[in-house]
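Just so we're aligned: the sequence shown equals residues -31 to -1, 1 to 110 in mature numbering (1 follows the signal peptide of the UniProt record, and there is no 0). Have a look at the structure below, then the notes.
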Amino acid sequence: MSRKNSVAIVTIISAFLFCAMIAAASLSPLAGTGGAANQFNSVGMWSAIGMILVLYFIPFLIYMLGVGAMRYVMAVLCGFGLLINLSSAGFILMFSLFSDHLLSEVIFVIGLCLASAAVNVIWFFAAFRSASKKPVTRSIT
């Protein structure tokens, strides 16, 4: 599989998991934590998902059109996503431990955060792995 195809697949999985994390958080007790929290199926939730998809789609489209340097811009955005997912998982764990809510109410959101972080790490390997070298065969004649 070519580098471009593997980057495309991992980017799509990452976008799906990030959007799923937002939707799952809006279904959990986290939705009632503050004024900026999104309720499920609200305008705020859909605008957050739309913004995430736009931030994924624009660099992805430019990369797929052949601008190879866009990998580095996507790497910075992927690093931000990794930071967001890991800090969200930690925050949600602390929220669950120090509030009246049970861990079982937010464990799915934590799982999505960690899965998304793992996919972002895999994205770095997919985007920056060295090109596979074909074995050199020499014939003695």
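Positions of the beta carbon are idealized from the N, C-alpha and C atoms, including for glycine.
CA-to-CA distance, residue j to residue i, given in whole angstroms
{"i": "Arg98", "j": "Asn(-27)", "result": "13 Å"}
{"i": "Ala96", "j": "Met20", "result": "23 Å"}
{"i": "Ala87", "j": "Ser57", "result": "14 Å"}
{"i": "Met63", "j": "Met33", "result": "39 Å"}
{"i": "Met(-11)", "j": "Gly35", "result": "30 Å"}
{"i": "Pro(-3)", "j": "Ser(-30)", "result": "42 Å"}
{"i": "Ala84", "j": "Gly59", "result": "14 Å"}
{"i": "Ile(-19)", "j": "Leu22", "result": "12 Å"}
{"i": "Val78", "j": "Gly1", "result": "15 Å"}
{"i": "Ser16", "j": "Val(-22)", "result": "23 Å"}
Residue i in three-state terms, based on DSSP
{"i": "residue 178", "result": "Here the chain covers residues -31 to 110 and nothing more, so residue 178 does not appear."}
{"i": "Asn54", "result": "helix"}
{"i": "Ile(-19)", "result": "helix"}
{"i": "Leu73", "result": "Reading the sequence as shown, one finds Ser at residue 73 and not Leu. The answer is helix: DSSP assigns Ser73 an H, G or I state."}
{"i": "Arg(-29)", "result": "helix"}
{"i": "Ser99", "result": "coil"}
{"i": "Phe26", "result": "helix"}
{"i": "Gly59", "result": "helix"}
{"i": "Arg40", "result": "helix"}
{"i": "Ser11", "result": "coil"}
Whole-Å CB distance - residue i paired with residue j, under 8 Å assumed
{"i": "Leu46", "j": "Leu24", "result": "7 Å"}
{"i": "Ile61", "j": "Val75", "result": "5 Å"}
{"i": "Leu51", "j": "Val90", "result": "7 Å"}
{"i": "Ile27", "j": "Cys(-13)", "result": "In fact, because the Cβ distance is near 16 Å, the residues do not count as touching under 8 Å."}
{"i": "Leu81", "j": "Leu(-15)", "result": "6 Å"}
Distance cut-off 6 Å: residue i Cβ against heavy atoms of the ligand MG
{"i": "Met(-11)", "result": "Ligands displayed in this structure: none; no statement on the ligand MG is therefore possible."}
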